[in-house]
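What follows is a single structure, written as structure tokens, with notes after it.
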Amino acid sequence: MSGAAPLWTALLVPVLLLAFGYGAAAGTAALRARAAGTAPGAGLTAPAREAARLLVQRRRTIPGADTLLWRLGGALVPAAAVLAALVVPLGPASVGDLSVGVVWFNAMEVVVWAALWMLGWGADSAWGLVGGYRFLVQGLSYELPHMFALTTAALGAGSLRVSDIVAAQEQVWFAVLMPAAFAVYLVSALAMAFWGPFGTPVGRDLAGGAAAELSGVDLLVLRAGRYMFLAVVAAMAVPLFLGGGAGPLLPGWAWTLAKTAGVVALLVWLGHRLPAVRMDRFTEVGWVVLVPVTLLQALVVAVFVLTR
Amino acid sequence: MDVTGWLLRRAVPCAFVVTAIGGTGARLAVERAVRERGWRQALAPAEADLLVVCGPADPELDEMLDRVWGQMPGPRARAGVPSPEGADEALDRARADLLDTAAQRRDADGRDRAARERAGAGDDEHMPGGLAMADRGEDRDGLALDRLHLALGPALPDWPAGLSLRTVLQGDVVQEARVHLVGAREGSSFWTAPRNTPRTADPSPEHPRTTAAAALDAAQRLLFVAGWPAAALAGRRLRDALLEPEAGPGLGAELRRWARGVRRSRLLRWATDGLGAVGDRAPEELRGDATDRWSRWLDRIEAAAEPGRSASAPAPAGSGTARAALDLVPELVVGRELAAARLIVASLDPDTEAVGAHTPERGA
Numbered sequence: 000m001s002g003a004a005p006l007w008t009a010l011l012v013p014v015l016l017l018a019f020g021y022g023a024a025a026g027t028a029a030l031r032a033r034a035a036g037t038a039p040g041a042g043l044t045a046p047a048r049e050a051a052r053l054l055v056q057r058r059r060t061i062p063g064a065d066t067l068l069w070r071l072g073g074a075l076v077p078a079a080a081v082l083a084a085l086v087v088p089l090g091p092a093s094v095g096d097l098s099v100g101v102v103w104f105n106a107m108e109v110v111v112w113a114a115l116w117m118l119g120w121g122a123d124s125a126w127g128l129v130g131g132y133r134f135l136v137q138g139l140s141y142e143l144p145h146m147f148a149l150t151t152a153a154l155g156a157g158s159l160r161v162s163d164i165v166a167a168q169e170q171v172w173f174a175v176l177m178p179a180a181f182a183v184y185l186v187s188a189l190a191m192a193f194w195g196p197f198g199t200p201v202g203r204d205l206a207g208g209a210a211a212e213l214s215g216v217d218l219l220v221l222r223a224g225r226y227m228f229l230a231v232v233a234a235m236a237v238p239l240f241l242g243g244g245a246g247p248l249l250p251g252w253a254w255t256l257a258k259t260a261g262v263v264a265l266l267v268w269l270g271h272r273l274p275a276v277r278m279d280r281f282t283e284v285g286w287v288v289l290v291p292v293t294l295l296q297a298l299v300v301a302v303f304v305l306t307r
Numbered sequence: 000m001d002v003t004g005w006l007l008r009r010a011v012p013c014a015f016v017v018t019a020i021g022g023t024g025a026r027l028a029v030e031r032a033v034r035e036r037g038w039r040q041a042l043a044p045a046e047a048d049l050l051v052v053c054g055p056a057d058p059e060l061d062e063m064l065d066r067v068w069g070q071m072p073g074p075r076a077r078a079g080v081p082s083p084e085g086a087d088e089a090l091d092r093a094r095a096d097l098l099d100t101a102a103q104r105r106d107a108d109g110r111d112r113a114a115r116e117r118a119g120a121g122d123d124e125h126m127p128g129g130l131a132m133a134d135r136g137e138d139r140d141g142l143a144l145d146r147l148h149l150a151l152g153p154a155l156p157d158w159p160a161g162l163s164l165r166t167v168l169q170g171d172v173v174q175e176a177r178v179h180l181v182g183a184r185e186g187s188s189f190w191t192a193p194r195n196t197p198r199t200a201d202p203s204p205e206h207p208r209t210t211a212a213a214a215l216d217a218a219q220r221l222l223f224v225a226g227w228p229a230a231a232l233a234g235r236r237l238r239d240a241l242l243e244p245e246a247g248p249g250l251g252a253e254l255r256r257w258a259r260g261v262r263r264s265r266l267l268r269w270a271t272d273g274l275g276a277v278g279d280r281a282p283e284e285l286r287g288d289a290t291d292r293w294s295r296w297l298d299r300i301e302a303a304a305e306p307g308r309s310a311s312a313p314a315p316a317g318s319g320t321a322r323a324a325l326d327l328v329p330e331l332v333v334g335r336e337l338a339a340a341r342l343i344v345a346s347l348d349p350d351t352e353a354v355g356a357h358t359p360e361r362g363a
């Protein structure tokens, strides 16, 4: 059930990511509208209307800004999301079923580190700079547990190829076999999309942080990219932990889409229910609690693989 | 086809709201109108298209507002709301200005021309963008790091009216801080002035609904700073409901449910525990850490939600508390990371309208 899909499906990737990203943004807006006591239905069109506003808004030029880095930083986020999605299988096949698919996914996610730092640094603004610092600390805190969670899934299948990981889950999903790795993956999914409780790099207490000086289409690209990234990390949870396209009755691609929608909905709900995590406090948890937990999980899975 | 006009009509406005000292009533009216219209509130001038100024005009504040106005990319419109009554009308007018594409194009052309003339005049070429470079100083570990001068406020969302905290940052750690108040200083606190209290049958400042609304206002600000917009928005909605002349049915139950949800949040406690600890010499309202302070607000809100217990509700903080809070700010934020500093200020919540002619201490 492995294989590369025809090349034209690469065009489908940004469309699907945008669709899931729009869904996440609309869901968030609807939940916010309900909390504010207005009609939740208005939330469904809110992202489109905000996009209309930002399309009309003028771009800014800032004295002393490093314009190249600044503009590039925002554009890298959606680009990284699309590139990361190339290894995510939709049903049986992905656009590029690399032998090191898991590593490729991880590398694209680290591109976002560079993107946010360039964005914060390039704007020549104290708010942006502090936002950039925050994301680097966030990266240092979540990246190690996240990598061990990915490693554990690869270990369970004995391969870094995403289709092999899906194939290894024929009997039992990895979410059941390695629940701690799955939980850590979901936490780091929010962190790498700098969204919800991990949204402080562009947070309200920093007047927008790394995005504080952005306007118009630059801001639109960053926000859309962020939701696309949230969609791609949710989509990657499906082949890694939720059995990929496996399921009764429906074809594989439909199960992949349905499971992805479920993970996106879970992340949106978590973002709605939780306040922000202060990064100076989370770093300690990341290193002292999550790293040992994921290492133990990897050990348990390794023993299981050896004795199977 | 006029695509710009078509998009503009569909766009939801995004308002950057600045509150002057004496503008709390106007701010409440504006926040309510913005919420009910489903508009958004901007975090920074760069993303905003409306500048809404709540409260009386002041020369020093006006000069700062002009700089904020210059940072707004356009299309842009400006609304002054000196008193609560004019909020809806002012927002309607600003929205109409925003939709006037011909005027917006003239504004944009004028700014482009001015920018070209400035560029032609030739700035100081030694500095990037004609701006001074950051100087260096030793940080707490003895490393030479850039010192950035950053003024927090008065044009900052979820921030006390008219407060400007002039900080020196190294990295994201506050090294020095001093308090400055911008704006008119006569007048009294919105929450204790009888003329301002809600249009209830009993308009005394000790009315439990007034004290609960004041506590909710402080709590929603803290929740926004703590990065929990869903709870903060619900807090605003309940605050506005408390300020109505007649409480709707079920408001008490809803208040209790909201307060319980906030109190139970372990993440929120974890974010605020141990922040800005104040000893027993301070007024009772301010004692303990940030968690203690917001827990007391929730107590007040819950007291108002239960009719039987309402008689025991304490009055809102007086001028003595406000002055003490303002004087505590610099020493508590120095050495803290910026996120912690903002939570500390939000938890002290100095009522800048209550301090009168008090001059804040120079600070650390």
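Protein chains in written order, with numbering that gives the first Met the number 0: chain A, 0 to 307; chain B, 0 to 363. All C-beta atoms in this analysis are idealised placements derived from N, C-alpha and C, irrespective of residue type, glycine included. This one's a predicted model, so the numbers in the text were calculated from it and none came from an experiment.
So, does the CB of residue i fall closer than 8 Å to a CB anywhere in chain A?
i: V11(B); result: yes
i: A233(B); result: yes
i: V224(B); result: yes
i: L6(B); result: yes
i: S30(B); result: Sequence check: residue 30(B) is Glu here, not Ser. Taking Cβ atoms only, chain A never reaches closer than 8 Å to E30(B), which makes this a no.
i: P197(B); result: Note that P197(B) scores 48 on pLDDT, short of 50, meaning its location in the model is unreliable; the coordinates nonetheless yield the value given after this. False, the Cβ-Cβ gap to chain A never drops below 8 Å.
i: L42(B); result: yes
i: T3(B); result: yes
i: G170(B); result: yes
i: S294(B); result: no
i: G73(B); result: yes
Compare the C-beta of residue i against all C-beta atoms of chain B and say whether one is closer than 8 Å.
i: E49(A); result: yes
i: E283(A); result: no
i: A45(A); result: yes
i: L273(A); result: yes
i: G138(A); result: no
i: L97(A); result: no
Quickly, what does DSSP pair residue i with across the bridge? List them, please.
i: S163(B); result: H179(B)
i: A143(B); result: E137(B)
i: V172(B); result: Q169(B) and E336(B)
i: Q40(B); result: A14(B)
i: A92(A); result: L89(A)
Could you have a look at residue i and say whether DSSP puts it in helix, strand or coil?
i: V87(A); result: coil
i: G392(B); result: Residue 392(B) falls outside the range modelled here, since chain B spans only 0 to 363, and no answer is possible.
i: L250(B); result: helix
i: R9(B); result: helix
i: H271(A); result: helix
i: V109(A); result: helix
Which first and last residues belong to the alpha helix (DSSP H) in which residue i is found?
i: V14(A); result: L11 to A35
i: R77(B); result: First-last for R77(B): A76 to V80, but that is the beta strand (DSSP E), not the alpha helix (DSSP H).
i: V29(B); result: T23 to R36
i: L266(B); result: R265 to T271
i: F281(A); result: M278 to V284
i: L436(B); result: Outside the displayed span of chain B (0 to 363) sits residue 436(B), for which this structure offers no information.
i: P291(A); result: V290 to T306
i: W68(B); result: P58 to Q70
i: L97(A); result: No alpha helix (DSSP H) holds L97(A); DSSP gives it neither H nor E.
i: E301(B); result: A289 to A304
i: G155(A); result: A125 to A156
i: P153(B); result: Taken as a continuous stretch (DSSP letters only), P153(B) belongs to no alpha helix (DSSP H), as it is neither H nor E.
i: P238(A); result: G215 to F240
Could you tell me the distance, in whole angstroms, from the CA atom of residue i to the CA atom of residue j?
i: G119(B); j: G69(B); result: 19 Å
i: R238(B); j: Q219(B); result: 9 Å
i: D140(B); j: R26(B); result: 43 Å
i: R77(B); j: M235(A); result: 45 Å
i: R31(B); j: A86(B); result: 9 Å
i: V216(A); j: A210(A); result: 12 Å
i: A28(A); j: P39(A); result: 8 Å
i: P244(B); j: S294(B); result: 27 Å
i: A257(A); j: A154(B); result: 45 Å
i: A258(B); j: G287(B); result: 20 Å
i: V263(A); j: F134(A); result: 22 Å
i: L149(B); j: V333(B); result: 13 Å
i: L241(B); j: A212(B); result: 6 Å
What are the boundary residues of the beta strand (DSSP E) that residue i is part of?
i: V17(B); result: C13 to T18
i: L49(B); result: L49 to C53
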